[in-house]
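In UniProt numbering, the protein residues as written are 1 to 257.
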């Protein structure tokens, strides 16, 4: 499922201004042209690799401004990610690949580029980076309480009423920073409850982060804007007190696909 041309999802990759859906299927041993499929060999980390990784992580943790609860959540998410690695299998049959090319959605060159991006591990790397960014660009409940001048229980109450957007990471709940407008008095972006209720149920925090921070072709600074540079992100659109209907419409359209 894709949202506009600008949406980055765990199951899609944007290449040359287009998206190609990929799956988590197992390796079939055949490529689209009938030749043996390239399978990336994996090598388990040695004990010294593990120790070096832990030491590097500990060193970074000492000098970062990440809250300890967020740090622990990142560790939990990393452990989960290692047991659910993104496949480097393209996940398309030869007939499906031919259809994408023959329908004009992709040129042969664009499809080859998209395929290489997936099978080389580029998509998996992009997903990891997006996932980590979605986790670190957050506040804890106590931080949100301090920002808004309320107590932590009120933060959780607002989240339960969809007036704040939060998600669970490990054993804690985090609140993405994109929903807050900085200033002398911090506030949430206008129409946030409408937005939260419209977020598709199958979107994870990285999906939401990517959508909110990516310019959308339905959100144009003026009706005549044709230059993608003049498209606005949902955050910019809502912060400018514009009609929330186009943003909600994109989300609702994505939810029924």
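Don't be surprised by glycine CBs; every beta carbon is placed ideally from N, CA and C.
N- and C-terminal bounds of the beta strand (DSSP E) containing residue i
{"i": "residue 176", "result": "172 to 176"}
C-alpha distance - residue i paired with residue j, whole-angstrom precision
{"i": "residue 240", "j": "residue 173", "result": "28 Å"}
{"i": "residue 220", "j": "residue 193", "result": "22 Å"}
{"i": "residue 208", "j": "residue 238", "result": "15 Å"}
{"i": "residue 244", "j": "residue 234", "result": "9 Å"}
{"i": "residue 142", "j": "residue 151", "result": "8 Å"}
{"i": "residue 48", "j": "residue 138", "result": "32 Å"}
{"i": "residue 145", "j": "residue 163", "result": "14 Å"}
{"i": "residue 188", "j": "residue 180", "result": "4 Å"}
{"i": "residue 249", "j": "residue 195", "result": "10 Å"}
{"i": "residue 251", "j": "residue 199", "result": "6 Å"}
Per DSSP, the bridge partner or partners of residue i
{"i": "residue 140", "result": "174"}
{"i": "residue 232", "result": "216"}
Buried or exposed (CB count within 10 angstroms, at least 16 for buried), residue i
{"i": "residue 140", "result": "buried"}
{"i": "residue 176", "result": "buried"}
{"i": "residue 205", "result": "buried"}
{"i": "residue 68", "result": "exposed"}
{"i": "residue 70", "result": "buried"}
{"i": "residue 158", "result": "buried"}
{"i": "residue 254", "result": "buried"}
{"i": "residue 46", "result": "exposed"}
{"i": "residue 183", "result": "exposed"}
{"i": "residue 149", "result": "exposed"}
Proximity test, residue i beta-carbon vs the ligand FAD heavy atom, cut-off 7 Å
{"i": "residue 164", "result": "Summarising the ligand content, the structure contains no ligands, and the ligand FAD is consequently not present."}
ask   = Which runs of the alpha helix (DSSP H), 4 residues or longer, sit entirely within the stretch 142 to 191?
value = 152 to 160
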